[in-house]
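Below you'll find the structure, written out as structure tokens, and then a few comments.
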Amino acid sequence: MALMKVLIYPDRFLRKKVDRVENVDDEIRTLLEDMAETMYAAPGVGLAGTQVGVNKRVIVVDFPVHDEDDTDESVGWAEDKDGNRLEGLLSIVNPEIKDFAKDEITWEEGCLSIPGVYEDVKRPVGVTVTGLDPSGKEIIVHAVGFPAVELQHEIDHLDGILFIDRLMPVKRRLVKKRLDKAVAEGNYPPPPSDE
Ligand code: ZN
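Going by our numbering, the sequence shown opens with residue 1, and the numbers climb by one from there.
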């Protein structure tokens, strides 16, 4: 296992629409392991191939873990097609959103590629995602709430889309202007904070 370098805004590769994976082989499995290690080390809750400079449609996400007696479902949930709850690490090859819920959720998002920026983003509250697991087997994931936000954020990365692109126009212009100014002045990325 090895830590990977996470690309930081405004790296041009983050704007690339990356390619589908043809074969889920050992190379892909090692890549997914390294991405998971990198995500947890950051620490973060999601990472896409694009963010580590790899031209492949692969993502890793860390879903919230609910205690057995946990009745607070406000953070949301994810389950497979058989209704088994999905918690913790999930790695998906060639993930595709097949269905969106009509209702929306507003969630404060951040991104390992845009350190220091946290903004409310409005997205569909639920998604159904298909793809392949690390053994190459087809999977279907139903997600509502935060896990649905995670999946949409990471799958966006595979199409070169960043969460700041999803902000309301006025906010989006403001955030990008502030970011690009910091980049131009050599003040971005900001030094790591202890917060
Ligand atoms: Zn991100």
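Ideal Cβ placement from N, Cα and C applies to all residues, glycine included. Given the structure is predicted, the values throughout are model-derived calculations rather than measurements.
query	result
What does a CB cutoff of less than 7 Å around I44 pick up in its chain, not counting 5 residues either side in sequence?	Correcting the residue identity first, residue 44 is Gly in this sequence and not Ile. Within the same chain, G44 has close Cβ partners L112.
I'd like to know if the stretch 75-87 and the stretch 154-164 are in contact, where contact means that at least 3 CB-CB pairs between them fall below 8 Å.	no
Hey, out of P10, E22 and M35, whose CA is closest to L3's CA?	M35
With distance defined between alpha-carbon atoms, name the residue in D180, N55, D62 and V24 nearest to A42.	D62
Let me confirm a value: K56 is counted as buried when at least 16 other C-beta atoms fall within 10 Å, else exposed. Which label applies?	buried
Note the first and the last residue of the continuous beta strand (DSSP E) segment covering P147.	Taken as a continuous stretch (DSSP letters only), P147 belongs to no beta strand (DSSP E), being part of the alpha helix (DSSP H) at F146 to L158.
Can you round the beta-carbon distance between E200 and A48 to whole angstroms, since I take them to be within the 8 Å contact cut?	Because the chain here runs from 1 to 195, residue 200 falls outside it and cannot be looked at.
Who are the Cβ neighbours of P124 in its own chain at under 8 Å, not counting the five residues just before and after it?	F100, A101, K102, D103, E104, I105, A148 and Q152
Output yes if chain D places a C-beta closer than 8 Å to the C-beta of P190; else output no.	Protein chain content of the structure displayed is limited to a single chain, and chain D is not contained in it.
Rounded to the nearest angstrom, what separates V144 and G116 at their Cα positions?	26 Å
Going by beta carbon distance, what residues of the same chain come within less than 6 Å of D156, once the five residues before and after it are set aside?	none
Looking at S113 and the ligand ZN, is the gap between the Cβ and the nearest heavy atom below 7 Å?	yes
What does a CB cutoff of less than 7 Å around R29 pick up in its chain, not counting 5 residues either side in sequence?	P134
On a CA-only basis, which of E119, G186 and F146 is nearest L174? Give me that one, please.	E119
Within the chosen definition, does the stretch 7-25 reach the stretch 78-98 through at least 3 CB pairs nearer than 8 Å?	yes
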